[in-house]
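See below for the structure under consideration.
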Ligand SMILES: NC(=O)c1ccc[n+]([C@@H]2O[C@H](COP(=O)([O-])OP(=O)(O)OC[C@H]3O[C@@H](n4cnc5c(N)ncnc54)[C@H](OP(=O)(O)O)[C@@H]3O)[C@@H](O)[C@H]2O)c1
């Protein structure tokens, strides 16, 4: 049975003493999550494909006093994921409290224009990576005694958003996976949740948000009238990993300025 306060009495609002793996931590949401978790006391390992950028980030985090290390890893490759988890296991003595499946990208096309390559690329990067890393992390998460997985999903996995049907499917699959793992792994004291952001100012979203028409749509359709900041997502991710969130599992939580609950779009003045 999953115990209340399964974190052995650690501070409910802190991540002190915990270990975390955040995929894709050099930019955007992953970068904000690494900083948020490290600020709250976690020892973090992250990965990305660009070694120079990874080293630069690690150096900056060192200066800030954060405990962050990194591996070059293409999360869409099965062999590289296995190597990554083996590094993490050695680094954290076989124990991991937090897995943040953040890596993801998009190729935006109408459904009839997608080809086999687009399908495999998006499935491997966005969904298969998160699925397989969760499998690989399971023994480490279980051994930690109190663990949490967070999937970086999207509102596109909750409602229909015209940014590509394959992307949407990968995010919908993540939301369902969080529910299944929440039920399957509760007995191992592992919680699993999905965080579903709307438009957030990151390098991935920059081309869309710098398009005047798209940006105007965001302002018009979002009750809060603006795109979000990475820090507005990383705070929820961190909360879900805390002992304070010990009874929250299997949920998909939107961070969207009200976008998904806005049934009637009224022009903002
Ligand atoms: N920004 C938004 O509006 C928004 C909204 C909803 C959901 N999301 C989701 O949030 C997640 C992060 O998005 P973001 O906007 O922060 O993206 P981003 O700005 O493009 O940053 C992505 C990060 O992941 C790394 N990365 C990308 N592909 C990788 C791979 N195959 N293997 C290892 N690392 C990889 C990148 O570094 P390298 O390129 O050097 O590998 C970078 O550090 C994604 O899952 C995305 O779908 C974003």
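Residue numbers (this note's numbering): 5 to 273. In this text, a Cβ means the ideal position worked out from N, Cα and C, and glycines have one as well.
* Which same chain residues, not among the five before or five after residue 142, have their C-beta less than 8 Å away from its C-beta? -> 189, 192, 194
* Please state whether DSSP places residue 46 in a helix, a strand or coil. => coil
* Asked: Under a Cβ-count criterion, where at least 16 other Cβ atoms within 10 Å of its own Cβ denotes burial, should residue 261 be classed as buried or exposed?
  -> With 16 or more other CB atoms across the displayed protein chains lying within 10 angstroms of its CB, residue 261 is buried.
* In angstroms, rounded to a whole number, what distance separates the CA positions of residue 148 and residue 205? -> 34 Å
* Asked: Among 186, 156, 18, 167, which has the Cα closest to the Cα of residue 131?
  -> Looking at the Cα atoms, 156 is the closest of the given residues.
* Can you name the residues that DSSP bridges to residue 275? -> Because the chain in this structure spans residues 5 to 273, residue 275 falls outside the shown range and cannot be described.
* Asked: Would you report the Cα separation of residue 60 and residue 267, rounded to the nearest angstrom?
  -> 44 Å
* To do: Measure the beta-carbon distance from residue 47 to residue 104 and round it to whole angstroms, keeping in mind my assumption that it falls under 8 Å.
  => Wrong, their Cβ atoms sit about 14 Å apart, outside the cutoff.
* **Beta-carbon contacts of residue 145 that lie in its chain and below 6 Å, excluding the five residues immediately before and after** => 100, 151, 194
* Environment of residue 40 [buried if 16+ CB atoms lie within 10 Å] -> buried
* Sorted by chain position, which residues of the same chain lie with C-beta nearer than 7 Å to residue 135's C-beta, five sequence neighbours on each side aside? -> 181
* Contact test: residue 247 Cβ vs ligand 1 heavy atom, cutoff 7 Å -> no
* To the nearest angstrom, how far is it from the Cα of residue 257 to the Cα of residue 187? -> 17 Å
* To do: Give every residue of the same chain whose Cβ lies closer than 6 Å to the Cβ of residue 255, excluding the five residues on either side of it in the sequence, and list them in chain order.
  => 197
* To do: Using only alpha-carbon positions, find the residue among 201, 162, 70, 140 that is nearest to residue 79.
  => 140
* Cβ of residue 203 within 7 Å of any heavy atom in ligand 1? -> Yes - ligand 1 has a heavy atom lying nearer than 7 Å to the Cβ of residue 203.
* Run the CB neighbour count on residue 85, radius 10 Å, all protein chains shown included, and call it buried at 16 or more, exposed below. => buried
* Less than 8 Å separating the beta-carbons of residue 58 and residue 74? -> yes
* Asked: Looking at C-beta atoms only, is the number of pairs between the region 217 to 226 and the region 16 to 32 that lie closer than 8 Å three or more?
  -> Result no; under three Cβ-Cβ pairs closer than 8 Å.
* Quick one: complete beta strand (DSSP E) runs, 3+ long, within the region 207 to 265? -> Counting only runs of 3 or more, we get 256 to 259.
* To do: Taking all protein chains shown into account, decide if residue 265 is buried (16 or more other Cβ within 10 angstroms of its Cβ) or exposed.
  => Counting Cβ neighbours within 10 Å, residue 265 comes out exposed, since fewer than 16 surround it.
* Asked: In terms of residues, what are the limits of the alpha helix (DSSP H) holding residue 169?
  -> 169 to 188
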